[in-house]
Each structure stands twice: as C-alpha cells, then as structure tokens.
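Numbering (our numbering), first residue to last: 19 to 630. Every residue gets a Cβ at the ideal spot worked out from N, C-alpha and C, and that includes glycine. To keep things clear, I will list the structure first and then write my remarks on it.
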C-alpha cells in the first residue's frame, strides 16, 4: 500500500477504508464509521497512547480543493474547542497530515434523536427535559458569541444516561466576525430553519434563529414529523416563510397545552415574538416540568369557554352550562376523531419520507424491495383515512405522492386530481407532483393536461422557481420537435426565465440547454462548464453537465460530473435513473405546441400588466 494513499480518487470520493486512515493517522486505531456531519466523516477510534475512545471527524481530501470548505471545516473544530460545556460535544485536538484534515472529539455513547424518531414520537415529559438541556447549552454558546444555525434532531445526541449533547457546528457563526457564507446564501436544514435564515438576511440572523430551530426540533420530537414537509427544498422553504404548521395537538392528542404553547412561541415567524433568548425558553420548559404556570400562551376555544363559564354562577347559568358541556363533548369527540385521522396521515407521510430518503433507521441504504414496502404501506394508511373521510384532501395527496414514487403515474394523477378538487383548486404542491407525473406519460391527452398544469402553475405562482419548471418542460417539448420547428419554443423558454434574478443555477442550465438545442454545441459546452464552476455543489448543474458532455463525446469528464451529482443528491439520481416501463419515444404535435405557446404569451402579458 502506498505511503500516501490517494483518498481523492473517484472510487473513494466520500469514503475511507479504516486501514487507509490508520496508515495516515497511526496515532489512532480506527474502529468504524459512525456517521456524516454537515461536512466530513466521523469515525470511532482509539488513541493508541492512552486507550481513550474518541470520535475522529475527517474532511475528505477531495473537498479540501476549495479554500472555503477547508476554512469552514477547521473553523468548526476551533469553535467547538472554545466552547466547553457538558451539553456540547467536546473537541480535544485539531490537525492535519498531508491532505487529510481532522479533529478529535469526545465519543458520545448514545443515539441521535433523528434515529430515535424512527420508532415514533418521544414522551412529552422527556421532550421538555431535552429542550431544557439543549436551551441551556445553546445559551452557553450564545454568551460566547456563537450561533449554531443548524439545530435539528440529527445534531442532538441522547447519551445513555439520558442527557443530551449538541454536535456538528459546521454551519455555526461567530457574531461580530465575518461570515463564511456568501451574502444572500441560505444555510441550514429547510424544515428546521428560521424564516430569517431562509431570506438569507445576515443582519437579521441572531441567536433567536437557534430558538426557532430548537422549537421546530421539539415539535418534531412530540409529533413524529417535522413542522413542514414538501417534495422539494424550495417548497419547504416557502412554507417556512408563508405557512403555519399543523397544530401539534392535532398530531399528538395527549400533548399538554402549556408545552404546545411553549413550542409555538419558540416557532413564531417574527423573531421579536419568540423567546428573546434560549435561556428564556429553557426557563419556561423548566416551569412546565415543575408544574408551574408557564409564560407562553396559546388561547383556544376550550380556554375561552372556560373563562365564559367562570363568569357566571352555577345556579343562574345551569341551562347554558348543559348546552356548553354538550357542545364541548361533541367537540372533543370530533377532535379525537380528527387526531386519529391526523395520526394515521402523519404515519403515511412518514412512510413516504422514509422511502424517498432510501435509508433505514440507522441511515444505511435500503434496497428497492424495502422502499416499495414503505410506499405500499403509505398507500394503505392513506386509503384507510380516505375510507373514513373521503373529502380529506391531504389523504388523497399523500396517496398520490406514494403512487408517484412507485412510478405508477396514472394512479398518481387520479389521486392528485381528487386532492385538487377537495382543496378547492390547484395548489403549487399538487401541481409540482402532477407535472412531474404527466411528464412521464406519453399519450396526447397527458401532454395536453401537462400543458394546462404548466399554465396553471404560472398563473397562480409565477415565481422564479416555477418559471424554471415551465421552461424545462418547454425544452423537453422542443427536443421532441424537428430542429426547424424549435426556434419559437426556445425563444419562449428564454423569455420565461429572463425575469429570474441572477445568479441562478437552474437559469444557467436552461441557457446552456437552449444553446445546445439551437445547434450551438461549443457555446453550450462552455456555458455548462462555466456553470459547474459557478454553482459547484448543485446537483442539477452537475447532472446536466454529465448528460451534455456524454452526448458531445467527453465520457471521462461526463462520468466525473455524474459522480458529483450522485454524491450531492443520491435520491434525485436514483429516481432519474429508474426505468419507466413501456416508455415510448416522446413526440409532440406542432399544432398543440403552438397553441400552448400562444396561451403562455397571453398569460405572461397579463401577468406583466398586473405587476405594472
């Protein structure tokens, strides 16, 4: 074996053999890989000198090619080494050997809370205790000028003694110092990010972002599902900004109202409406644990009814009390039934999420048979809800999601149509799934329905993200037409994404594809190569580059880009490469396409006038 193994080769791009690591780091006896952080791999190891059991976090050499990645990795170690607290994983040492950078951490015996959630929600008393501990540890970090920015279940480790430790400060930021993130960039995990993180406004990002992240984490621990879910990161981020999560007690009927109020206060969208500090959140959780009155308030129909009843004497309001109790009993029955349905729906959504992630509870890849079993179980759970409540739009939508991921696209479209009916009209979430499903059907009626969905999407939400979706489908249509009939549709695709602000990865891919379809192959190659540099780490860009380079006779370069895309987003790559049974060659009718273009032009002209 070489004395300087090439960890950066394609075959070990993000994986190290323990014996290779041991050769470069002889002071450690490598035991096993235990996980991956926001950047880097984590191994269990033994210090040969004194037999200590430690965690060894290693930055893959392939990532050290960028100064930003290396600086961020080393900064994580430096930040954690300065914060010594029982509730934060301790860093003992930092170093590097040749191209291998690492730091040595405390090894925590236990399980991260994301893995624990695989068996279901946690007891609410335990959730309050966990929240109290994490809030104290976060306050300790905040007092030393550090904001974590990625508080979530997978970054909280439940020790064997029941205590909790925060780990992975890879996205942490020290207040009062320069940021490692480009201005306007979004960092974090979508379903646990505070709204001010989503907007990327650095000046608004304070320790209250961690209060929000902890609130979202507590919501997930008591309900078994994150506060927001969607088919794409963009959809989740939009919900974080614009929507209110489902009431926690609708998903967890036994959840005490005070704890629900604490979680809801921590998750207020406006930072000034949240707890001012993590310590305040911890104090309120401690009051809940002690059985004392909490500061958070969540007024609802029961509390309002209770106040009304207390204003009247029993003898003079007996008839009103009887009516009130009757209404309350009916409401409780309805709430119980709604909670039962919500719990079943939450289970179905969770099964779909597990299947889509393609990993089991230990974060090991699941095979195709296990994935299909989860999706079929989700279909059964959603069907059970539909049997109880045929007008439940979300049940139809979740079942349509499961059919979609099973590539049963016609059944998915039928369920998504029904969901749309019960929602009272098309929603972006329904349209995104149905557009993708109809894009995989090849009869003329499906193509026409796809075009109608694209028009609806632009009509109800002409956002940059949706403009790019429409443009990509236009380019698919162009590819199915003869070269001499493509010009108008390519021009229209370019005009649709013209308002999308630069820089934008999807817009750059569209521009390169337009050049390629116009026959300007050299310019297209230059454009997509430039995009891989400018948007390095974007799976869509690397995926498009792989396809274009393969078509133009650069197989080695194509495979390198495809490998990057698979590493960055393995789920997307697996779904893209999945076969579609009986898939014919796509052919479009020129007359249908021209009518579609006229409709789009009228729609966009009307939208422009409305904006003016």
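Item checked: CB contact flag (residue 279, residue 240, <9 Å) -> The answer is no: Cβ separation not under 9 Å.
Item checked: Spatially closest choice to residue 308 from 40, 574, 146, 504, by CA coordinates -> Cα-wise, what sits closest to residue 308 is 146.
Next item on the list: Measure the C-alpha to C-alpha separation of residue 154 and residue 296 and round it to an integer number of angstroms.
Entry: Approximately 7 Å, taken between the alpha carbons.
Margin query: Please report the distance separating the alpha-carbon of residue 77 from that of residue 119.
Written below: Taking the straight line from one Cα to the other gives about 5 Å.
Note to self: Using a Cβ-Cβ cutoff of less than 8 Å, which residues in the same chain neighbour residue 615 once the five nearest sequence positions on both sides are dropped?
What the structure shows: Leaving aside the five residues that flank residue 615 on each side, the residues in its chain whose CB is nearer than 8 Å to its CB run, in chain order, 506, 507, 510.
Next item on the list: Within the same chain, show all residues whose beta-carbon is closer than 7 Å to that of residue 483, passing over the 5 residues directly before and after it, in chain order.
Entry: Cβ neighbours of residue 483 beyond the five flanking positions: 252.
Check: Roughly how many whole angstroms lie between the Cα atoms of residue 38 and residue 44?
Finding: So the two alpha carbons sit approximately 10 Å from each other.
Check: Can you tell me whether DSSP reads residue 306 as helix, strand or coil?
Finding: Note: residue 306 maps to helix in three-state DSSP.
Check: Roughly how many whole angstroms lie between the Cα atoms of residue 283 and residue 304?
Finding: Computed Cα separation, rounded: 15 Å.
Checklist line | residue 46 and residue 66 closer than 9 Å at C-beta | finding: Cβ atoms of residue 46 and residue 66: closer than 9 Å.
Checklist line | Three-state secondary structure (DSSP) of residue 421 | finding: Reduced to three states, the DSSP call for residue 421 is helix.
Notebook entry, point to check: Given that a residue counts as buried once 16 or more other Cβ atoms are within 10 Å of its Cβ, and exposed if not, what is residue 313?
Noted result: The residue in question, residue 313, is exposed, as its Cβ has fewer than 16 Cβ neighbours within 10 Å.
Check: What number of angstroms, rounded off, separates the C-alpha of residue 554 from the C-alpha of residue 75?
Finding: Looking at the two C-alpha atoms, the distance is approximately 23 Å.
Next item on the list: Inspect the CB distances between the region 170-177 and the region 245-262 and report whether three or more fall short of 8 Å.
Entry: Contact fails: fewer than three Cβ-Cβ distances are below 8 Å.
Note to self: Looking at the secondary structure, which residues open and close the alpha helix (DSSP H) in which residue 470 lies?
What the structure shows: In the DSSP assignment, residue 470 falls within the unbroken alpha helix (DSSP H) covering 462-478.
Next item on the list: Work out the CA separation of residue 224 and residue 216 for me, nearest whole Å.
Entry: Answer to the nearest angstrom: the Cα atoms are 13 Å apart.
Margin query: Quick check: the Cα distance between residue 210 and residue 432, rounded to an integer number of angstroms?
Written below: If you take the alpha carbons of residue 210 and residue 432, they lie about 32 Å apart.
Checklist line | Proximity winner among 299, 214, 271, relative to residue 236 (alpha-carbon distances) | finding: Residue nearest to residue 236 within the set 299, 214, 271 is 299 (criterion: CA-CA distance).
Next item on the list: Go through the region 105-170 residue by residue and report every complete run of the alpha helix (DSSP H) that reaches 4 residues or more, in order.
Entry: The region 105-170 contains these whole alpha helix (DSSP H) runs: 131-135, 142-161.
Margin query: I need the boundaries of the alpha helix (DSSP H) containing residue 61, first residue and last residue.
Written below: Residue 61 -> not in any alpha helix (DSSP H); beta strand (DSSP E) instead, spanning 59-65.
Margin query: Output needed for residue 212: all residues of its chain with C-beta closer than 6 Å, excluding positions within five of it in sequence on either side, in chain order.
Written below: Excluding sequence neighbours, residue 212 sits near 227, 230.
Item checked: residue 48 versus residue 123: straight-line alpha-carbon distance, rounded -> Residue 48 and residue 123: Cα-Cα distance of roughly 14 Å.
Notebook entry, point to check: Among the residues of its own chain, which have a CB less than 7 Å from the CB of residue 103, if the five just before and after it don't count?
Noted result: Contacts found: 155, 158.
Check: Excluding the five sequence neighbours on either side, which residues of its own chain have a C-beta within less than 8 Å of the C-beta of residue 40, listed in chain order?
Finding: So the list reads 46, 47, 48, once near-sequence residues are dropped.
Checklist line | residue 282: first and last residue of the uninterrupted alpha helix (DSSP H) it sits in | finding: Run containing residue 282: 275-284, per the alpha helix (DSSP H) assignment.
Check: Roughly how far, in whole angstroms, is the beta-carbon of residue 152 from the beta-carbon of residue 255, given that I think they are within contact range, below 8 Å?
Finding: Rounded, the Cβ-Cβ distance is 24 Å, inconsistent with contact.
Next item on the list: Write down every uninterrupted run of the alpha helix (DSSP H) in the region 476-555 whose length is 4 residues or greater and which is fully enclosed by it, in chain order.
Entry: Restricted to the region 476-555, the alpha helix (DSSP H) segments that are unbroken, complete and at least 4 residues in length are 482-497, 505-515, 523-535, 539-552, listed in chain order.
Note to self: Let's test the definition: count the other Cβ atoms within 10 Å of the Cβ of residue 409 and tell me whether it reaches 16, buried, or not, exposed.
What the structure shows: Around the C-beta of residue 409, fewer than 16 other C-beta atoms lie within 10 Å, and the residue is accordingly described as exposed.
Check: Could you give the residue range of the alpha helix (DSSP H) that holds residue 51?
Finding: Looking at the DSSP string, residue 51 is not in any alpha helix (DSSP H); the run it does join, the beta strand (DSSP E), is 46-54.
Next item on the list: On a CA-only basis, which of 542, 450, 577, 288 is nearest residue 260? Give me that one, please.
Entry: The residue with the shortest Cα to Cα distance from residue 260 is 288.
Notebook entry, point to check: If you draw a straight line from the C-alpha of residue 271 to the C-alpha of residue 357, how long is it?
Noted result: Each residue's alpha carbon lies about 6 Å from the other.
Notebook entry, point to check: First and last residue of the beta strand (DSSP E) that includes residue 174?
Noted result: Here the beta strand (DSSP E) through residue 174 covers 174-177.
Next item on the list: Grab me the residues of residue 268's own chain with a C-beta within less than 7 Å of its C-beta, minus the 5 sequence neighbours each way, in chain order.
Entry: Within the same chain, and ignoring the five residues on either side of residue 268 in sequence, the residues whose Cβ sits closer than 7 Å to its Cβ are 356, 357, 360.
Checklist line | Closest residue to residue 42 among 184, 116, 94 (Cα-Cα distance) | finding: Ranking 184, 116, 94 by Cα distance to residue 42 puts 116 first.
Note to self: For residue 50 and residue 68, what's the separation of their Cα atoms in angstroms?
What the structure shows: Spanning the two alpha carbons is a distance of roughly 19 Å.
Item checked: Reduced DSSP category for residue 615 - H, G, I as helix; E, B as strand; rest coil -> Correct three-state label for residue 615: helix.
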